[in-house]
Amino acid sequence: MCFFNKNYKKITKKLILLYFLLPNILLAADENIVLPDFGDSSGGTFSPSYERRLSQMFLKQIRRFSTINTDPEVELYIQSLGYNLVSNSDNAKQSFKFMVINDPSINAFAGPGGIIGINSGVILHSGTESELAGVVAHEIAHVTQKHLARAFEEAKRYSLPTAAAMIGAIIMATQNPSAGQAMLSGITGLNTQNQINFTRENEKEADRIGIKLLEKSGYNPRGMPQFFEKLQKISKFSQNNQPEFFRTHPLTTSRIADARSRAESYTKKQFENSHAYELVRYKLLVQTIEKPKEAILFLRNKLEENKDGAKKELYIRYGLAYAYLADNAFAHSNQQIKHLLKNNAKDPAYLLLAAKHKTTQSKYDDALNIYSKIYGLYPEHKPMLMAYARALMDIGNAEEARKIIKNYERYHSHDLNSYALLGQIEGMLGNEIETAILQSEFYYLSGETKLAIEKLKFIKQKFNMNYYQEQRVIARLIELQYELDLENDIKL
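Heads up: the sequence shown runs through residues 3 to 494, numbered per our numbering.
See the structure below:
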């Protein structure tokens with residue numbers, strides 16, 4: 003369950019989740035103090051309200067300490083893939099949130115409340131969409147099978163200090179696998195072998211449930227063992243640089259063989275990669291390679307190798323167009339875009355790329371004509387709505403941009419991006435109070451609860467609000483103060 007490998011001191015300074023999973027536990031001297039009640043051990047769950055609080059706080063910490071990919075097209079793809087799998091699970095009522103972490107290492111994680119993170123490295127190293135779906139299905143299974151809660155139940159078998167340290171190690175492993183392992187190995191009195199076996203059982207169960215989920219969702223169930231085998235080969239060729247997935251999801255030869263055997267029990271069927279999967283892979287590739295010229299060289303060589311493969315050639319051209327655009331080589335980028343639109347003039351991804359090509363050159367009238375066309379074809383398309391609103395802001399048409407975002411609200415819940423964008427729009431329109439309220443929400447979602455409260459207090463002191471605005475601010479202040487008190491109590 004790990005997703006990033008950042009500065010060890012930066013992470014350990016917080017011991018992020020340990021403190022809010024075990025309030026004040028490290029300061030307690032009384033051996034009779036019990037761990038928080040996470041629910042019935044037979045069900046392996048903690049209370050829904052506690053899990054919601056955990057989920058919210060965990061998400062804020064991810065946003066604070068990692069880099070989440072906020073590209074609307076990348077977001078839309080990973081969420082669509084994730085929700086397709088969830089809709090076929092035995093626990094479809096469980097809430098989930100899927101995200102891509104900007105990290106080229108191969109790893110994924112499952113957190114409380116159905117938070118699923120997939121490193122960009124997993125997408126880039128997957129050879130088929132079924133391989134990627136296999137990783138996502140595996141993490142979904144960790145959630146639906148309540149493995150995190152079961153780990154807490156397991157901890158209750160030990161003395162208080164040992165249980166605290168053990169859970170700290172488990173949670174630390176979600177932040178830094180090396181740190182988590184070091185903590186685990188240093189725990190006095192812990193039956194380490196028992197914990198390893200416990201974790202391996204979770205992994206095998208997640209494999210079994212995940213493979214079944216792949217088949218039910220229309221993916222190739224062989225995608226999971228195929229990806230495991232790929233990681234095993236990478237590990238053999240690079241002993242000093244094992245994929246992070248190996249350290250956080252222990253992969254043994256027997257486990258891979260078991261996954262392969264289970265997958266082979268299903269009827270063989272063909273599954274083609276989706277159009278969106280291929281486009282997102284090439285877009286991430288360009289985003290990952292720091293120097294655009296290197297991406298251009300790589301993709302031009304790849305294009306030469308795939309002149310005969312019509313579909314694959316289009317995907318490479320899509321990535322190449324983005325690489326040229328990043329290098330401000332507009333004529334070359336335009337050449338690739340024309341080729342794409344000639345193949346499909348109504349493809350939303352191609353049209354968005356064409357519009358971006360225009361806005362990058364400040365050709366806003368041309369860009370707005372393209373956005374208007376996409377809006378007519380796909381009025382609910384999130385990437386288009388966000389990009390269209392930004393283009394309108396660029397020409398100073400904040401009123402129209404506001405209408406676009408209000409239409410966005412009909413189909414999508416707000417996130418950091420939309421709050422930031424709407425805040426900028428309200429600012430352009432001179433709506434200071436609404437701008438400040440939106441800034442407060444942005445701070446809160448970013449994990450800065452104290453700053454969010456200070457912003458609301460500032461609004462109360464500085465502005466003359468109408469009754470509706472005043473009641474909103476007062477109610478929100480009460481909610482956020484309660485959240486801050488919880489955070490203070492748990493030493494976050």
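The beta-carbon is built from N, C-alpha and C at its ideal position, and this holds for glycine as well.
Per DSSP, residue i is paired with what?
| i | result |
| --- | --- |
| residue 102 | 120 |
| residue 70 | 103 |
Taking 6 Å as the limit between beta carbons, can you name the residues of its chain near residue i, skipping five residues before and five after?
| i | result |
| --- | --- |
| residue 86 | 219 |
| residue 127 | 108 |
| residue 207 | 147 |
| residue 454 | 442, 445, 446, 482 |
| residue 199 | Note that residue 199 has pLDDT 48, beneath the 50 cutoff, so the model's placement of it is unreliable and the number below is only indicative. Counting only Cβ-Cβ distances below 6 Å, and skipping sequence neighbours, we find nothing. |
| residue 204 | 149 |
| residue 413 | 382 |
| residue 80 | 100, 102 |
| residue 419 | 72 |
| residue 291 | 297 |
Could you tell me whether the Cβ atoms of residue i and residue j are closer together than 7 Å?
| i | j | result |
| --- | --- | --- |
| residue 145 | residue 112 | yes |
| residue 338 | residue 322 | yes |
| residue 286 | residue 351 | no |
| residue 120 | residue 102 | yes |
| residue 363 | residue 332 | yes |
| residue 265 | residue 215 | no |
| residue 230 | residue 211 | no |
| residue 276 | residue 472 | no |
| residue 223 | residue 268 | yes |
| residue 93 | residue 122 | no |
| residue 406 | residue 431 | no |
| residue 389 | residue 395 | no |
| residue 221 | residue 135 | yes |
Might you give, ordered along the chain, the residues of its own chain that have their beta carbon closer than 8 Å to the beta carbon of residue i, omitting 5 neighbours on each side?
| i | result |
| --- | --- |
| residue 31 | Because residue 31 carries a pLDDT of 33, less than 50, the predicted location of this residue cannot be relied on, and the following value inherits that uncertainty. Counting only Cβ-Cβ distances below 8 Å, and skipping sequence neighbours, we find nothing. |
| residue 315 | 305, 308, 309 |
| residue 467 | 435, 461, 475 |
| residue 393 | 357, 361, 366, 369, 370, 373 |
| residue 348 | 379 |
| residue 410 | 384, 387, 388, 391, 420 |
Give the straight-line distance between the Cα atoms of residue i and residue j, rounded to the nearest whole angstrom.
| i | j | result |
| --- | --- | --- |
| residue 106 | residue 124 | 8 Å |
| residue 428 | residue 400 | 8 Å |
| residue 2 | residue 70 | Residue 2 falls outside the range modelled here, since the chain spans only 3 to 494, and no answer is possible. |
| residue 110 | residue 469 | 47 Å |
| residue 391 | residue 437 | 16 Å |
| residue 60 | residue 114 | 7 Å |
| residue 495 | residue 133 | Examination of residue 495 is not possible in this model, given that the chain is present from 3 through 494 alone. |
| residue 263 | residue 421 | 47 Å |
| residue 91 | residue 100 | 15 Å |
| residue 42 | residue 284 | Its pLDDT being 41, under 50, residue 42 is placed unreliably in this model, and the value from its coordinates should be taken loosely. Using only the alpha carbons, I get a separation of about 46 Å. |
| residue 408 | residue 397 | 19 Å |
| residue 325 | residue 236 | 27 Å |
| residue 342 | residue 376 | 16 Å |
| residue 176 | residue 89 | The predicted position of residue 176 is uncertain, since its pLDDT is 49 and thus under 50; a value taken from the coordinates is nonetheless stated next. Residue 176 and residue 89: Cα-Cα distance of roughly 26 Å. |
| residue 496 | residue 424 | No answer is possible for residue 496: the residues shown for the chain start at 3 and end at 494. |
| residue 67 | residue 270 | 42 Å |
| residue 417 | residue 98 | 15 Å |
| residue 296 | residue 303 | 11 Å |
| residue 320 | residue 82 | 21 Å |
| residue 274 | residue 96 | 29 Å |
| residue 478 | residue 415 | 18 Å |
| residue 84 | residue 484 | 32 Å |
| residue 141 | residue 449 | 24 Å |
| residue 233 | residue 217 | 22 Å |
| residue 487 | residue 252 | 38 Å |
| residue 318 | residue 480 | 52 Å |
| residue 456 | residue 64 | 22 Å |
| residue 440 | residue 116 | 26 Å |
Residues in the same chain with beta-carbon distance under 7 Å from residue i, minus the five sequence neighbours each way, listed in chain order, please.
| i | result |
| --- | --- |
| residue 385 | 74, 75, 78, 354 |
| residue 261 | 209, 213, 226, 227, 230 |
| residue 329 | 294, 295, 298 |
| residue 335 | 323, 326, 327, 359 |
Which residue marks the beginning of the beta strand (DSSP E) containing residue i, and which one marks its end?
| i | result |
| --- | --- |
| residue 111 | 110–113 |
Please report the residue range of the alpha helix (DSSP H) in which residue i lies.
| i | result |
| --- | --- |
| residue 300 | 294–307 |
| residue 283 | 277–290 |
| residue 221 | From DSSP, residue 221 is part of no alpha helix (DSSP H); its letter is neither H nor E. |
| residue 346 | No alpha helix (DSSP H) holds residue 346; DSSP gives it neither H nor E. |
| residue 388 | 384–396 |
| residue 428 | 418–430 |
| residue 136 | 131–146 |
| residue 378 | 366–379 |
| residue 401 | 400–413 |
| residue 269 | No alpha helix (DSSP H) holds residue 269; DSSP gives it neither H nor E. |
| residue 361 | 350–362 |
| residue 460 | 451–464 |
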